Structures are given as C-alpha cells and as structure tokens.
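Q: Structure in structure tokens, see below.
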Amino acid sequence: MPSPVRLIFSEKPSVGRDIAEVLGATRKRQGYLEGNGFIVTWGIGHLVTLGQPEEQDPSWKKWDLDRLPMLPRDWKLSVLPDTRDQFEVVRELMARPEVTEVVNAADAGREGELIFRLVYRKAGCTKPVKRLWISSMTDEAIREGFATLRPGAEFDPLARAAECRQRADWLVGLNLTRAYTRKYGEMLTIGRVQTPTLAMVVKRHQEIAAFQPRDYWEIRVSYGDFSALWFDPREKETPTRLWDKAAAEALSQKLARAEAEVRKVSSACKKQPPPLLYDLTTLQREANTRFGYTAAQTLAAAQSLYERRKVITYPRTDSRHLSEDLHPTLSRRLAALPGEYAPFVQPLQGKTLPKQKRVFDNAKVSDHHAIIPTEQRPGDLNAWKPEERRIYDLVVRRFLAVFHPDHEYLSTTVLLQADGEHLKATGRVVLVPGWRALYDRHDKDETTAGGEEGEEGDDQALPALQQGDRRQPQGAELLTRQTKPPPPYTDATLLQAMETAGKLVENDELRLAMKESGLGTPATRAEIIEKLIRVGYLVREKKKLQPTPKGIQLIALVDAQIASPELTGAWEKRLADIAKAKAEAGPFMADIETLVTDVVERVRRERTVVRFAPAGAAARSSRVGAADAPASRQGRFPSNHGSRAAPPPTPKARPAGERTTAAASQAATGASAVAPSATGAAARSSAAPGAGVSPTGRPTFGICPACGRGNIIEGSRGFGCDRFREGCSYVVWKEFLGKKLSSTAIKALIAGRPTRVLKGFTREDGRVVSGKIRMRADGKGIELVEWGADQEVDPKEGKARSGSGGEQPA
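First residue of the sequence shown? That's 1 in my numbering, and the numbers climb one at a time after it.
Structure (structure tokens):
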C-alpha cells in the first residue's frame, strides 16, 4: 500500500513551483510536482465556473426576453475549455487513493477560496481539507504557513460569501445583459459593479458639461518681504473672491496706496504624521498620479514583485495596517533593503520601534495586512522592469516613512488692515523634516501633500511681525481667475471614488459597508475599469477616463437600482455578514432573485426605442446626439461569463405608435437624459419663462418643472436646473437631431408647451424632416412629432401654412 501523500493545490503554476521547492517536491510531472510526501498541483486562475444559461437549462440558449428571468434551482458547474486538461490532472490527483488530505493553497482571500471550492466540488472530492493562509511568498513564510495549517471548515462562511457573490453576479449580469440587449437591439453589458462605476463617470461628465464658468478676481498686495491676500471676513466659503471686475479694479488701486497695519499675529507649531501604509487601491492611485500608470499596470507590477521577485507582501489587500505579530520581523525587513535607502534605514536600526496604533492594529487587518517589503534582499534592481523598480520604491519609502518622526513646522497667520480693508498673509517654516525627508519637494502625491489632509496657505517665510507694525505697499496685483468644473476622472480619482462610494449614499449602515468595501474590491477594481474600456463604455485619453456616447446612453436607460452605489453597498454589507457567519446565504439569494425579476419586468414594459451611437470615442460637446447616428451593430457578447450562446436576433422594425426617444441623444451630449418633466397647465404656470436671477447671480428662465425648487439657467449647450448637484436632472439641449433650437423653441419646451412646426431635423436614415418638438409624457427627454408630408413650413415663421395632413409621431 502506497504511503499517504498530501495534495497541495495552488492558484497558479508559479506559486505552485515556489511551494514545491520549499516542500522538497522536485520531481516534475505533467501539471504537477511530487516528492517528499507531497504532490503540488495548480490551477491557471479559474478552472471551473458557473455553467452558461444553456447548460443550466437548454431552453435558455436563445436570447429571448420572454424567457427571462433565468433563475437556476440546481446550479451546474462548467469546466473552462482553455484549462480543461489541467482540470483533468487535478481531478485525477484528488482521486488517487494515496492522497489522504488536500491543502487549499490558493490566494488567501474570497476569490482564492472560490477557485479552490469550485474545483473541489466539480472533481467530486470529499477528502479532508486544510487551508494555507499566508501573506508573503518567501521561503520562511511558506514554511511557517505549513507549520500552522488551518482546518478548511474554518473558511466555510467565506466560501459561502464567495459563492453568493458569484451567483449574484451571474443573475444580474446575464439576465439584465440579455434583457437590455434584446430590448434595444444593441449589445449592452450590465454588471453588479461595472454599471454603478460607469454611472459615476457619466455623472461627472454631465456635471462638467452643465458647468457654466464664472470669472472672479483676487487681489494680492506686496509689502516687500511678504505678500498678503485681500479677504472679506463676512464671507465664509470664498472670502478672497470678488465677482465684479470694476469693483475689484477700484479696490486694487485703493490697496496699492493704503498703508497696512498688522492687527494680529498668530503662530502655532503643527505636526503632520506619516501617511498610512499602502493597500492596493492607494498604491494604484499614487502610481497613477506620479507615473501615469493605469490601475492594471500597477497591479501587474505589484503582482510580479510579490510572486516573482518575492520582495513585497501580498498586494491584493484592502488593509493599511499591520498585525502586531509582524513587529518582531521589522529589523530583518529593514536589513534586507538596498543600500540606496541606508540614510533612512540607519536611524531606525539598533532600537526597538514603537507599536504605534497608526501602524499596528489587529482590528483593522482583514484577510491580509498592508503592503510592505519582505525579508528577502532584492538583488540587482537594474535587471527589473522600470515599473517594478518604481512600485518597489513607493512601497519601501512608505514603509520607512511610517517609522520616522512627524513632520513639524511653524505655521504663522498675519491679519492686516488697510483703509478699512482686511488682508491675510500665511507662511510656514519647517522645524523638523521628519518623514518628509524621504520625498523630494516636487512630489505632488499624497505623501507630500501633508499625509491624509493637506494644509492651506503659502510656503513663504514671513518676517518677524508684531501687532501694530505698519507696512507700505509695494504694489497690488489683480489676479484674474475662473471657477472650474470638477475634473474628469483619472484612474487615481476613479479608484478613490470606487473605494469611498459610501459618500454617495445616505444610509449610515450602508455607508460603513461601502467605506470598507466600496464598489468592487482592491483585487477587482483595475479589471472593472479595463472591462468598461473593452466593452466600449469608457475611453482613456491620456490620464483621463471619459464615457463614450454608448456608455452615457446606457446609464440613461438602466434601472436606477442597478446604477446606484446603494445596491452594491447593501450587497457588500450582507456578503460581509455571510463571510463572518452573521447572516445566511438563503435570504440574500432570494432578494437578488426578486430584484432581477422586478427589473426584467420593468424592462419588458418599457416602450422607449433608442438608436445607439457608434462606440469607441469619448462623448464630446460638439457631437451630434446619438439619435442622429446609425446604431452600432458591432457590439460583442458578454465575455465575463464566456458566453457561447448565439448572438441576439436583429431588432424588429419599430411598431406603429412607438417613438424614438431623445433621451439617449441628449445623454450623449453630456447631461442626464432621464429628466422628469411637468405637463399641462401646471407646468405652464410654474415654469413660464421670465426674467429673474438665481442665487448664483445668473439669469433664470422660470422655475424647474421637474423638481419645482430650482431655477432654469442657461449653460453653454443647453438649459437645465441649477439644482443638478442636488440630483435634479432636468435639461433641454440647444441642439436636437442636427438642428440648433431657437431660444423661443426652448422656452416653449421649458414651459411645457410643444414648439411650432420647425424644419431641418435630420433622421438617422438621412431624411430631412419637419415637425414639432415636445417633452415626452414620461419625462425621458424630448421627442419629434413629424408633420405630414403635404404640409408646408414657413421658413421664417417655422409653422404650417397649408395642407390637411396631421401630426405623425416618430
């Protein structure tokens, strides 16, 4: 009878080979290594996944809206075709009689647990399972991990949470992708995380498009050895801004002549603690800000440093702290660092480093601790790729920084008065460089912006000033400024938005879950961004991420629940509870099925018909609306589930009576197309256009008929509600179907009335038609009601002159 053997399953071949070397399993076989009482095999990422719809139920092969929702009762698993040979190797090894125990050595996290459990289940294995749970791939870490293997059953709650996440993604992704694709005749991929992520980018795009820049002025007065800014002490939000140029010029001339008296001098010694250690998201954000790396590029470099170079710990972590048991390893980690860091390592050697709560906090470490250097010397850094060297340098400097003293500086504020006007000068003098010595002065990442929070003011060195001192002005400079819209998302800022999506929701409990998990996880956020680009919803322009017209149209169409971060927050909270054995999987899955069923039914009842713009370019302010462009027929089918189903049938001709909405057309130009509108007498009375001034000082054109609270104001490309930041999405664009609308026509629409008959609208088939424009009854944009062919249109008045034809909705 053969001797008992322990089978080790790792997530990928490179990790398996590293483990095998430590364990002494050196004999190479096809798909595994063996020796010394061990067999080490591996996956190639996922080997097994959930079966496709037609594998769950043959009747689901056809993309048919009437067959939705698809709700499997007995979930079937499918071996991925590309890795079937390796799965067969693993299955045969698990079935060997000499294998008495299986060790799950997949990545220590929710996804790694799922990868192993799917293979174990599909192989029909029932042998005992142990779990290897490590955060470093050094030889010592592997040996320590095998000396402290944990029972596999300990991770059953984590496995249930992973299974729920996978099944929920299947239900939402496949059902709603089919529903929206079949409904609108265009490949529209929907995802639990990708859709709310796209919605955030679209919302930012809309805010930028609706933004109306406004000029303002500031006055800086020089007193020779320092300068001061004028400010209004009564104004709290923007005290240095002047909105009237003539008044600003007069005030500047006044201050250029007026002697100033020092009224108050206040100084304070301030400290800035080092920033926290990196988790994956903050590492990706900083690498994008400093080097322009995409999130995916940073992850690839970090993964290589972890697996191949073995010089950093597990990178796919969401923690920025260390567990206390790592404290004894600090001296060895410091000793392993390259010589170029010696000036910062030497002050830390030979003494016991304190266990600061900002660094060591067991309560804030989940699956893995923060990213730090390992105890392995890196060797020749010149042999590494440039991105590997840069990411390693970031990790090392942050690791060293947290053990250096606080940055200390003297912050001084001087208040002056000149001819009744108020001025303020601020400055700082560095007292102790502290951790900032690790970073160059020109760095603009979070490490050199004051850690977690930046400081307001100048770095000028102020002279010694006392109350009562008088200074003569050397000149006054009038600074012309302009208000700026929020910037487009970059990888760095979108990652931050995904991580802190809790700020977008109101419920405190959901906000806590979102703060901890956000949209996606550190391990998946980079892929979510890249997938949105692959499917044609986003484009990357240098460092900026911009939505495409198709992406904007999708968000205008999808159910609000699916695009809301609240949904992901609720799911993440419940998944976290399941992983901690605080909640059951059954009620969670029942609620997911109910949600999918409800959304599918709402899609089925929707009567809107949309023509989609070609994919591949970012939305531009000069673009004609998507309704003017031919529908793209080059969409691909969902790749995230490896769909092998036949493509959806070509959409049928539009039934009589259905109208092509302008919602998607409006959306492609940059603002929300799902704008509720009032109709009838109430709308006419509440939104009658008239002269007025909004609280922002801009002319208004009546009360918003959608929210009833905001004012309609004019933007560069349309008229919208000034409460768009509070969520009102009412907008009427200045251009529709290739025709610029007159102010008279737009005012009529705002008032809830149709326009007169106008000519010059260009349909997607190239026809130039005439007709009236009116707000849709359901509030989703505007629509064209074509005028009969036998009607004539007055080119000056834009209204019918003769004929008996009637209106033809289209």
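C-beta atoms are modelled at their ideal positions from N, C-alpha and C, and glycine is treated no differently.
Keep in mind it's a predicted model, so treat the numbers as computed, not measured.
1) If you draw a straight line from the alpha carbon of LEU33 to that of THR41, how long is it in whole angstroms?
2) Identify whether ALA336 lies in helix, strand or coil by the three-state DSSP scheme.
3) What first and last residue would you give for the beta strand (DSSP E) that runs through ILE713?
4) For HIS407, which beta-bridge partners are listed by DSSP?
5) Taking just the CA atoms, how far does MET94 sit from GLU101?
6) Smallest Cα separation from ALA20: which of ASP139, ASP82, TYR120 and SER78?
7) Count the other CB atoms, across all protein chains shown, that sit within 10 Å of the CB of GLN272; report buried if there are 16 or more and exposed otherwise.
8) Are the CB atoms of TYR341 and VAL396 nearer to each other than 8 angstroms?
9) Could you tell me the boundaries of the alpha helix (DSSP H) in which THR568 lies?
10) Out of LEU415, PRO433, GLY752 and GLY427, state which residue places its alpha-carbon closest to the alpha-carbon of ASP406.
11) Short of 6 angstroms in beta carbon distance, which residues of its chain neighbour LEU7, apart from the five on each side in sequence? Order them along the chain.
12) Roughly how many whole angstroms lie between the Cα atoms of GLN460 and ARG428?
13) What's the call for ASP74, buried or exposed, on a 16-neighbour Cβ count within 10 Å?
14) Quick one: give me the first and last residue of the alpha helix (DSSP H) that TYR180 is part of.
15) Whole angstroms is fine: what's the gap from PRO378's alpha carbon to ILE312's?
16) For ALA250, which option in LYS270, ILE219 and PHE155 has the closest C-alpha, if you only look at C-alpha atoms?
17) Between which two residues does the alpha helix (DSSP H) carrying ARG214 extend?
18) Suppose you measure from the CA of ALA678 to the CA of ALA556; what does that come to, to the nearest Å?
19) Can the beta-carbon of ARG309 be found closer than 8 angstroms to that of LEU277?
20) Within 10 angstroms of the Cβ of GLN86, are there 16 or more other Cβ atoms? Answer buried if so, exposed if not.
21) Report back the beta-carbon spacing between TYR409 and LEU431 to the nearest angstrom; my notes put them in contact at under 8 angstroms.
22) Name the DSSP beta bridge partners of ALA260, please?
23) Would LEU575 be called buried (16 or more neighbouring beta carbons within 10 Å of its own) or exposed?
24) By Cβ distance, which residues of its chain are closer than 7 angstroms to ALA653, with the 5 residues on each side in sequence left out?
25) Going by CA-CA distance only, name the one from LYS740, GLY752 and LEU567 that's closest to ILE703.
26) Exposed or buried, which one is ASN362 when buried takes at least 16 other CB atoms within 10 Å?
27) I'd like the list of long-range same chain contacts for GLY109, defined as Cβ closer than 6 angstroms, with 5 residues on each side in sequence excluded.
28) What residue does the beta strand (DSSP E) around PHE231 start on, and which one ends it?
29) Could you check the C-alpha separation between ASP18 and ALA523 for me, to the nearest Å?
30) With DSSP run on the structure shown, which of helix, strand or coil describes SER742?
31) Are the region 385-402 and the region 239-259 touching, with three or more C-beta to C-beta distances below 8 angstroms?
32) Using a Cβ-Cβ cutoff of less than 7 angstroms, which residues in the same chain neighbour PRO463 once the five nearest sequence positions on both sides are dropped?
33) For the beta strand (DSSP E) containing PHE701, list its first residue and its last residue.
34) What are the boundary residues of the beta strand (DSSP E) that GLY586 is part of?
35) Thinking just about the alpha-carbon of each residue, which of ARG723, VAL610 and ILE773 is nearest to the one in GLU186?
36) Using three-state DSSP, classify ARG397 as helix, strand or coil.
A: Per the coordinate set shown:
1) As a working note, residue 33 is residue 33 in the sequence shown. As a working note, residue 41 is residue 41 in the sequence shown. Rounded to whole angstroms, LEU33 to THR41 spans 7 angstroms at the Cα level.
2) Position 336 of the sequence shown holds residue 336. DSSP places ALA336 in coil when its eight states are reduced to three.
3) Within the sequence shown, the letter at position 713 stands for residue 713. Counting along the chain, the beta strand (DSSP E) containing ILE713 begins and ends at 711-714.
4) Stepping through the sequence shown from its first residue, residue 407 is reached at position 407. GLN272.
5) Residue numbering aside, residue 101 sits at position 101 when the sequence shown is read from its first letter. Residue numbering aside, residue 94 sits at position 94 when the sequence shown is read from its first letter. About 9 angstroms.
6) Locating residue 20 in the sequence shown gives position 20, where the first residue counts as 1. The option with the nearest alpha carbon to ALA20 is ASP139.
7) Within the sequence shown, residue 272 is the residue found at index 272, counting from 1. So GLN272 counts as buried.
8) As a first step, residue 341 is located in the sequence shown; it is residue number 341 there, counting from the start. As a first step, residue 396 is located in the sequence shown; it is residue number 396 there, counting from the start. Contact flag set, yes.
9) Position 568 of the sequence shown holds residue 568. Run containing THR568: 565-579, per the alpha helix (DSSP H) assignment.
10) By one-based count along the sequence shown, residue 406 stands at place 406. Taking only the C-alpha atoms, the option nearest ASP406 is PRO433.
11) One-based indexing of the sequence shown puts residue 7 at position 7. Closer than 6 angstroms at Cβ, skipping near neighbours: ILE39, LEU93, VAL99 and VAL102.
12) Mapped onto the sequence shown, residue 460 falls at position 460. Mapped onto the sequence shown, residue 428 falls at position 428. GLN460 and ARG428: Cα-Cα distance of roughly 6 angstroms.
13) Here residue 74 corresponds to residue number 74 of the sequence shown, with the count starting at 1. Exposed is the call here.
14) Position 180 of the sequence shown, counted from the first residue, corresponds to residue 180. It spans 156-184 - the alpha helix (DSSP H) in which TYR180 sits, taken as one unbroken run.
15) Indexing the sequence shown from 1 puts residue 378 at position 378. Indexing the sequence shown from 1 puts residue 312 at position 312. The alpha-carbon atoms of PRO378 and ILE312 are separated by roughly 10 angstroms.
16) Taking the first residue of the sequence shown as position 1, residue 250 is located at position 250. With distances taken between Cα atoms, ALA250 lies closest to ILE219.
17) Numbered from 1 along the sequence shown, position 214 holds the residue referred to as residue 214. Here ARG214 belongs to no alpha helix (DSSP H), and DSSP marks it neither H nor E.
18) Start at 1 with the first residue of the sequence shown, and residue 678 comes out as number 678. Start at 1 with the first residue of the sequence shown, and residue 556 comes out as number 556. Residue placement at ALA678 is flagged as unreliable, the pLDDT there being 30, under the threshold of 50; the coordinate-derived value follows with that caveat. Taking the straight line joining both Cα atoms gives about 19 angstroms.
19) Against the sequence shown, residue 309 aligns to sequence position 309. Against the sequence shown, residue 277 aligns to sequence position 277. No, these two residues do not count as a Cβ contact at 8 angstroms.
20) Translated into the one-based positions of the sequence shown, residue 86 becomes position 86. Classification for GLN86: buried.
21) For the purposes of this step, residue 409 is taken as the residue at position 409 of the sequence shown. For the purposes of this step, residue 431 is taken as the residue at position 431 of the sequence shown. Indeed, because the Cβ distance is near 6 angstroms, the residues count as touching under 8 angstroms.
22) For this step, residue 260 is matched to residue 260 along the sequence shown. Beta-bridge pairing links ALA260 to ARG471.
23) To locate residue 575, count along the sequence shown from 1; it is residue 575. With 16 or more Cβ atoms within 10 Å of its Cβ, LEU575 is classed as buried.
24) Here residue 653 corresponds to residue number 653 of the sequence shown, with the count starting at 1. With a pLDDT of only 34 at ALA653, under 50, the local geometry of the prediction cannot be trusted, and no value is derived from it.
25) Working through the sequence shown from its first residue, we reach residue 703 at position 703. Comparing Cα positions, the closest option is GLY752.
26) Here residue 362 corresponds to residue number 362 of the sequence shown, with the count starting at 1. Exposed, because fewer than 16 other Cβ atoms sit within 10 Å of the Cβ of ASN362.
27) Your numbering for residue 109 matches position 109 in the sequence shown. Once the five neighbours on either side are set aside, the close Cβ partners of GLY109 are ASP367.
28) Numbered from 1 along the sequence shown, position 231 holds the residue referred to as residue 231. 227-231 is the span of the beta strand (DSSP E), which, as asked, contains PHE231.
29) Counting from 1 along the sequence shown, the entry for residue 18 is found at position 18. Counting from 1 along the sequence shown, the entry for residue 523 is found at position 523. Rounded to the nearest angstrom, the two C-alpha atoms are 22 angstroms apart.
30) Your numbering for residue 742 matches position 742 in the sequence shown. Residue state, collapsed to three classes: coil.
31) no
32) In the sequence shown, counting from the first residue as 1, residue 463 sits at position 463. ASP225 and PHE226.
33) Here the question's residue 701 lines up with position 701 in the sequence shown. Here the beta strand (DSSP E) through PHE701 covers 700-703.
34) Residue mapping note: residue 586 aligns to position 586 of the sequence shown, counting from 1. Where GLY586 is concerned, there is no enclosing beta strand (DSSP E), although the alpha helix (DSSP H) it sits in stretches over 585-605.
35) Numbered from 1 along the sequence shown, position 186 holds the residue referred to as residue 186. When only C-alpha atoms are compared, the closest one is VAL610.
36) As a position in the sequence shown, residue 397 is number 397, starting the count at 1. If DSSP states are grouped into helix, strand and coil, ARG397 belongs with the helices.
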